[in-house]
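Read through the structure below, which is laid out as structure tokens, and then see the notes.
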């Protein structure tokens, strides 16, 4: 895609101010990661806690084409690492009530990579990596980077490490451990959170792969066709979030009067129960006064 309508003389190096479409845009993220092998390798190493020398081969299985992006529906990145491991990396930047169910479905679909009759030994270890700025697990204690696998619920023995779900929460960078920092996860979280060119360039300095990503982000922010696609996607996400919020509000309006009525009945019932108990006690006392047992 050719860059059009750049501000006169402006480049990534001279750009200042707010970044309109950042790495938190899943279409932007998908596009630049598939274009920059160095950046993708860096992110994969951070998520897995490995070194670049351990990455022999990395291949994006579902690249997107911005020229035909109107027909693109899958925004997660599915990749094969060293030809023996499957990774799904997904941005989840809006709240979804059914995210847990959907994440399990995506994980199982990615793991189910063999045809009927194939040997089970051909199945590859599969992990879904979710990068989010939302508290998707409301009942869990906040964590910066959490890992979920199949465990025995009694003794916590691992059933298998062949599948798992890892969640990187950008809204809890203050909880990053020394290991997270050492693995560059905090660095990547700050890249995703960078909303100005000044912040992004400070992080990208002396890192050629990230400077390459910055250049691509800059070019897409000033390309009319790309901006139209990114804006369309943003509006769609906002509409989905608004519909969800509206649904919650409508449901509350519809159900709250019913809840209030039931609570009132419960309260009245408790009051009536108390009155009945008092009446029973009064009658028992009256019987006792006349020397009559109520048994």
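Residue numbers (our numbering): 1 to 295. Heads up, the beta-carbon is just placed ideally off N, CA and C, and yes, glycines get one too.
C-beta contact flag for residue i and residue j at 8 angstroms
i, j, result
"residue 296", "residue 192", "With the chain covering 1 to 295 only, the question about residue 296 has no answer from this structure."
"residue 188", "residue 136", "no"
"residue 92", "residue 134", "yes"
"residue 215", "residue 12", "yes"
"residue 15", "residue 212", "no"
"residue 123", "residue 106", "no"
"residue 33", "residue 86", "no"
"residue 230", "residue 94", "no"
"residue 42", "residue 183", "no"
"residue 195", "residue 18", "yes"
"residue 226", "residue 23", "no"
"residue 27", "residue 217", "no"
"residue 150", "residue 157", "no"
"residue 58", "residue 35", "no"
"residue 167", "residue 138", "no"
"residue 142", "residue 186", "no"
Buried or exposed by the 16-neighbour rule on C-beta atoms within 10 Å, applied to residue i
i, result
"residue 160", "exposed"
"residue 108", "exposed"
"residue 90", "buried"
"residue 202", "exposed"
"residue 220", "buried"
"residue 278", "exposed"
"residue 71", "Residue confidence is low: residue 71 scores 49 on pLDDT, short of 50, so the model does not pin down where it sits. Its coordinate-derived value is still stated next. Exposed, since its Cβ has fewer than 16 Cβ neighbours within 10 Å."
"residue 132", "buried"
"residue 129", "buried"
"residue 117", "exposed"
"residue 88", "buried"
"residue 275", "exposed"
"residue 204", "buried"
"residue 53", "exposed"
"residue 269", "exposed"
"residue 223", "buried"
"residue 281", "exposed"
"residue 181", "exposed"
"residue 114", "exposed"
"residue 10", "exposed"
"residue 285", "exposed"
"residue 140", "exposed"
Residues sharing a beta bridge with residue i, DSSP
i, result
"residue 32", "In DSSP, residue 32 forms no bridge with anything."
"residue 87", "79 and 127"
"residue 162", "Paired residues: none, contrary to the question."
"residue 146", "167"
"residue 58", "81"
"residue 66", "Bridge partners of residue 66: none, in fact."
"residue 196", "18"
"residue 151", "158"
"residue 51", "DSSP lists no partner for residue 51."
"residue 132", "92 and 169"
Interface flag, residue i vs chain B, CB-CB below 8 angstroms
i, result
"residue 187", "In the structure shown, chain B cannot be found, because there is only a single protein chain."
Supposed close pair residue i, residue j - CB separation, criterion 8 angstroms
i, j, result
"residue 148", "residue 165", "5 angstroms"
"residue 79", "residue 96", "23 angstroms between Cβ atoms; not a contact."
"residue 55", "residue 82", "7 angstroms"
Residue i beta carbon near the ligand COA (any heavy atom closer than 7 angstroms)
i, result
"residue 156", "The ligand COA is absent from the structure shown, which contains no ligand whatsoever."
Inset, instruction - Mind listing, in chain order, the continuous alpha helix (DSSP H) runs of no fewer than 4 residues lying wholly within the region 90–116? - result: 99–111
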